[in-house]
Amino acid sequence: MVTNNSSKSTGIRKVLLMGNPNVGKSVIFSRLTGTRVIASNYPGTTVGYSHGFMSLGEDRVEVIDVPGTYTLEPTSEAEEIASEMLDTGDLVINVVDATNLERNLYLTQQLLERDIPLIVALNIWDETEHRGIYIDLDKLRERLGVPVIPTVAVSGQGIKELVTGIAGATSPDTPARSYDERWAAVGGIISQVQRITHRHHTWRERLGDASVQPLAGGIIAVVVLAVAFLVVRFIGENLIGYVLEPLFDNLWAPVVLRLSDLLGGSGFFHNILIGEIVAGEVNFIESFGLLTTGLFVPFGMVLPYIISFYLVLGLFEDVGYLPRLAVLMDTLMHRLGLHGYAIIPSMLGLGCNVPAVLATRILESKRERFIAATLISIAIPCAALQAMIFGLVGQQGAQYVAIVFGTLFIVWIILGMIINRFAQGFSPELLIEIPPYRMPPWRTVLQKLWMRVNGFLKEAIPIILGAVMVINILYTLGVFDAIADFTAPVVTGLLGLPKEAVTALVIGFLRKDVALGMLAPLGLSANQLVVGSVVLAMFFPCVATFVVILRELGIVNMLKSVAIMIATALLVGGALNLILQ
Amino acid sequence: MFGFGGRFRHGFGRGEGQLTLARMQTGQSGIVVQVLSGHGMIRRLGALGIRPGLRVTKVNSSFMRGPIAVQFGSTQVAIGFGMANRIVVEPIDSRSERP
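Respectively, the protein sequence lines represent chains A and B. Note that the numbering used here has the first sequence beginning at 10, numbered continuously upward. Note that the numbering used here has the second sequence beginning at 44, numbered continuously upward.
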């Protein structure tokens, strides 16, 4: 939290942080408000808006991190939101990328035309020098007529000056102009304040250029993704094998056994808390008590993969690789009715489908968002479900894990092509800025990792424990047996699973990781596990994803999306059952 | 660009020697002359700074109608193939901006 020493009231209630995408608004927001938000090195990380508070004199002032926009003429949803928000604020901090001054100043010109005090934060200031960019700050201030403060948000440099400078923010009298007149004004300013000297390209830029070439970039992508996968597996497996399993087996199991004795070894409470103890041993996967499976699934099986996945994803985001992957994937994604940038929500989906569906907002049309959200919730298993697939299906052999992921991948492509054929509307073309590669600041990578892990702990664990509780109660009441008998024709006849497997599909609505765990005690064959995992992944979104899809797509499209999910799951599950038998 | 013959050189009222961004060679630079498209796309491109008079250098080669990456100043932008094919540029003789 940065505080301003002057103590008079400024009358400012709401400060808007505005600027082009990927100029560091969110990092400045964190610096000003002390609120942690996710920031990455690609345009469109902030799809909603975050708000926090900062102290200005004796006032507590609301600060809003407005999604990045290139212009106030709304050409996309983010820009519409930004334009509307502008009317609600008392002051704008225009965050400008100093290494991209010319393009950034177009929005600044539009902001100057509005009747709202403005101050410019000239961010990424530290990179100008080695890029051979020289900016005459005094002249820029003079030409714009508003305060200009150089900042380096990632290190905090200039933030104090920015806060102090707010008092000097002004709204120079600027008439409304046309598009061409604004660019002419920008051109005039640039010719006076900026000088760019020639310099040699750095290895980072060469690597950046290489990674959007079809051939070299393709090879880089395959290598990078393979290494990422291996690193995620390596960290996840070792955390489980050397840290969490020993903790559970050596420290927690004796406690559970002791408690089991105290509870008399059986009965309702014993079942809910501990589940079944077989031959004096705790089976953390199959016993299904709150203190056994209820803790082992989130901490012993899922958490390690959440940590390893989000560490690697965070590095990808902060280095700036994802937009390049979007360029390489564009041709394929067009077949699915999407453009390359849809790869970003899809990658986020490998962590959790909830932020992934939210991130579909970076796509321009409703049609694309419908396709992307539907494909994500059908064919992209979240990290929690993947961890369980690795843990349970992996015991049967790596080839079975490969069949599960291979099937989901093929479904992703074929279903995308089918929806693309039938969905109405059109899909616009890719048009994105490719950020330079940046060395990820470790502090922010770890901070982001912590936010996401913390989010998982806070949001997932209550639901996991709740799900285990519900499972026990429904078992005791005999509800599952009734459902199992009712759905037996589909589950057994079509999918080739024991009729009790339906309980997993029902619980899948709460948490898919717990649901997959429910297949463990059924003694399924490897092939049945494969069918079960695939159907569970595709059948229906978990409740959290369901709510976001409903909110983002609206009820009609959500129903369409769910119909597609159920139909696909049954079709693919049935086919897989026939093929594997 | 020779492979495409006169069809792409003379279509759409393009001047002699002009070609679209999609047809430029990798590493080649050119000045944007016009965007042969509707108002909306002109604005979308303009918002990113791509407008007549801008000097751009093509960064990648396109494969199977993949996007075209161009560099101008310190900005790099990827443009879908169809859109890039409607951006007319006047190539600059020195084939590459880079030494």
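For every residue, glycine included, the Cβ atom is placed at its ideal position computed from N, Cα and C.
Per DSSP, what are the beta-bridge partners of residue i in this structure?
i: A:E597; result: Here chain A has residues from 10 to 590 only, and residue 597 of chain A is not among them.
i: A:E442; result: B:V120
i: B:I130; result: B:V78
i: A:F399; result: Note: A:F399 sits in no beta bridge, so no partner.
i: A:Q591; result: Past the edges of chain A, shown from 10 to 590, lies residue 591 of chain A, and the structure says nothing about it.
i: A:S275; result: According to DSSP, which records beta bridges pairwise, A:S275 is partnered with nothing at all.
i: B:S72; result: B:T100
i: B:G92; result: Partner(s): none; B:G92 has no beta bridge.
i: A:Y143; result: A:R204
i: A:V540; result: DSSP, once it has assigned bridges, lists no residue as partnering A:V540.
i: A:G28; result: A:V104
i: B:T63; result: B:V131
For residue i, return the contacting residues in chain B, with the cut-off set at a CB-CB distance below 7 Å.
i: A:G349; result: P110
i: A:Y188; result: G89
Using a cut-off of 7 Å between C-beta atoms, extract the partners of residue i located in chain A.
i: B:N128; result: What B:N128 touches in chain A: nothing, since even the nearest Cβ is about 10 Å away.
i: B:M107; result: T340
Name the two residues that bound the continuous alpha helix (DSSP H) containing residue i.
i: A:I371; result: Per DSSP, A:I371 belongs to no alpha helix (DSSP H) and is neither H nor E.
i: A:L153; result: L146 to L153
i: A:K457; result: W451 to L486
i: A:K569; result: I564 to L589
i: A:V36; result: K34 to T42
i: B:T100; result: Run containing B:T100: none in the alpha helix (DSSP H); it sits in the beta strand (DSSP E), R98 to K101.
i: B:H114; result: Sequence check: residue 114 of chain B is Gln here, not His. Where B:Q114 is concerned, there is no enclosing alpha helix (DSSP H), although the beta strand (DSSP E) it sits in stretches over I111 to F115.
i: A:I316; result: L312 to V328
i: A:N103; result: Note, A:N103: premise wrong, no alpha helix (DSSP H); beta strand (DSSP E) at L100 to D106.
i: A:S92; result: E86 to L95
i: A:I249; result: From DSSP, A:I249 is part of no alpha helix (DSSP H); its letter is neither H nor E.
i: A:T183; result: No alpha helix (DSSP H) contains A:T183, which DSSP labels as neither H nor E.
i: A:T78; result: No alpha helix (DSSP H) contains A:T78, which DSSP labels as neither H nor E.
Along chain B, which residues have their Cβ under 8 Å away from the Cβ of residue i?
i: A:R112; result: L91, G92, G116 and T118
i: A:V336; result: N103, G109, P110, A112 and A121
Run through chain B and tell me which residues come within less than 9 Å of residue i, C-beta to C-beta.
i: A:N109; result: G92, G116, S117 and T118
Looking at the unbroken beta strand (DSSP E) that takes in residue i, where does it start and where does it end?
i: A:I158; result: V157 to P159
i: A:N132; result: L127 to N132
i: A:I205; result: Q203 to I205
Show which residues of chain A have a CB atom less than 9 Å away from the CB atom of residue i.
i: B:G125; result: E438
Kindly examine the ligand MG and report whether one of its heavy atoms sits closer than 7 Å to the Cβ of residue i.
i: A:D494; result: Inclusion of the ligand MG in the displayed structure is not the case, the ligand content being empty and no account of it being possible.
TODO: Using a Cβ-Cβ cut-off of less than 7 Å, list which residues of the region 109-123 of chain B approach chain A; keep chain order.
DONE: G109, P110, A112, G116, S117, T118, Q119, V120, A121, I122 and G123
- [ ] Would you check if there are 3 or more beta carbon pairs closer than 8 Å linking the region 181-200 of chain A to the region 112-132 of chain A?
- [x] yes
Open item on the list: So if I threshold CB-CB distances at 7 Å, which residues from the region 118-132 of chain A count as touching chain B?
Closed with: none
Open item on the list: Check whether the region 99-117 of chain B and the region 427-434 of chain A touch, using three or more Cβ-Cβ pairs below 8 Å as the test.
Closed with: no
Open item on the list: Against chain A, which members of the region 72-101 of chain B pass a CB distance test of less than 8 Å?
Closed with: G83, R86, R87, L88, G89, A90, L91, G92 and R94
Open item on the list: Counting beta carbon pairs with one atom in the region 47-64 of chain A and one in the region 439-458 of chain A, are three or more of them shorter than 8 Å?
Closed with: yes
Task: the region 212-228 of chain A: positions lying closer than 8 Å to chain B by Cβ - done: G217, D218, V221, Q222, P223, L224 and G226
Open item on the list: Give me the subset of the region 66-78 of chain A whose CB atoms are less than 7 Å from a CB atom of chain B, sorted by chain position.
Closed with: none
Task: Members of the region 436-449 of chain A that neighbour chain B once the beta carbon cut-off is set at 9 Å - done: P437, E438, L439, L440, I441, E442, I443, P444 and P445
Open item on the list: Short of 7 Å Cβ to Cβ, which residues in the region 179-207 of chain A face chain B?
Closed with: Y188 and W192
Open item on the list: Quick test of the definition: if touching needs 3 or more C-beta pairs under 8 Å, does the region 499-513 of chain A touch the region 533-542 of chain A?
Closed with: yes
Task: Proximal residues, the region 80-97 of chain A versus chain B, C-beta separation under 9 Å - done: T80, E82, T84, S85 and E88
Open item on the list: With three or more beta-carbon pairs closer than 8 Å as the criterion, would you say the region 341-361 of chain A touches the region 400-419 of chain A?
Closed with: no
Open item on the list: Counting only Cβ-Cβ distances shorter than 7 Å, please list the residues of the region 369-382 of chain A near chain B, keeping chain order.
Closed with: none
Open item on the list: At a CB distance below 8 Å, what residues from the region 135-164 of chain A approach chain B? Give them in sequence order.
Closed with: R140 and I142
Open item on the list: Would the region 327-341 of chain A count as touching the region 469-488 of chain A if we require 3 or more Cβ pairs under 8 Å?
Closed with: no
- [ ] Take every Cβ of the region 306-317 of chain A, pair it with every Cβ of the region 86-100 of chain B, and state whether three or more of those distances are shorter than 8 Å.
- [x] no
Task: Cβ pair count under 8 Å reaching 3, the region 491-506 of chain A against the region 254-271 of chain A - done: no
- [ ] Taking 8 Å as the threshold, find out whether the region 560-571 of chain A comes into contact with the region 520-534 of chain A through three or more Cβ pairs.
- [x] no
Open item on the list: Assess contact between the region 121-138 of chain A and the region 163-175 of chain A, defined as three or more Cβ pairs (one per stretch) separated by less than 8 Å. Is contact present?
Closed with: yes
Task: At least 3 beta-carbon pairs within less than 8 Å: the region 34-49 of chain A vs the region 90-98 of chain A - done: no
Open item on the list: Could you check whether the region 287-303 of chain A touches the region 475-493 of chain A, counting it as contact only if at least three pairs of C-beta atoms, one from each stretch, sit closer than 8 Å?
Closed with: yes
Open item on the list: Does the structure place the region 198-214 of chain A close enough to the region 101-116 of chain A that three or more beta carbon pairs sit under 8 Å?
Closed with: yes
Open item on the list: For the pair the region 538-556 of chain A and the region 459-466 of chain A, tell me if three or more CB-CB distances fall below 8 Å.
Closed with: no
Open item on the list: Measuring CB atoms only, is the region 36-43 of chain A touching the region 68-87 of chain A, in the sense that at least three cross pairs come out at less than 8 Å?
Closed with: yes
Open item on the list: Assess contact between the region 520-528 of chain A and the region 391-401 of chain A, defined as three or more Cβ pairs (one per stretch) separated by less than 8 Å. Is contact present?
Closed with: yes
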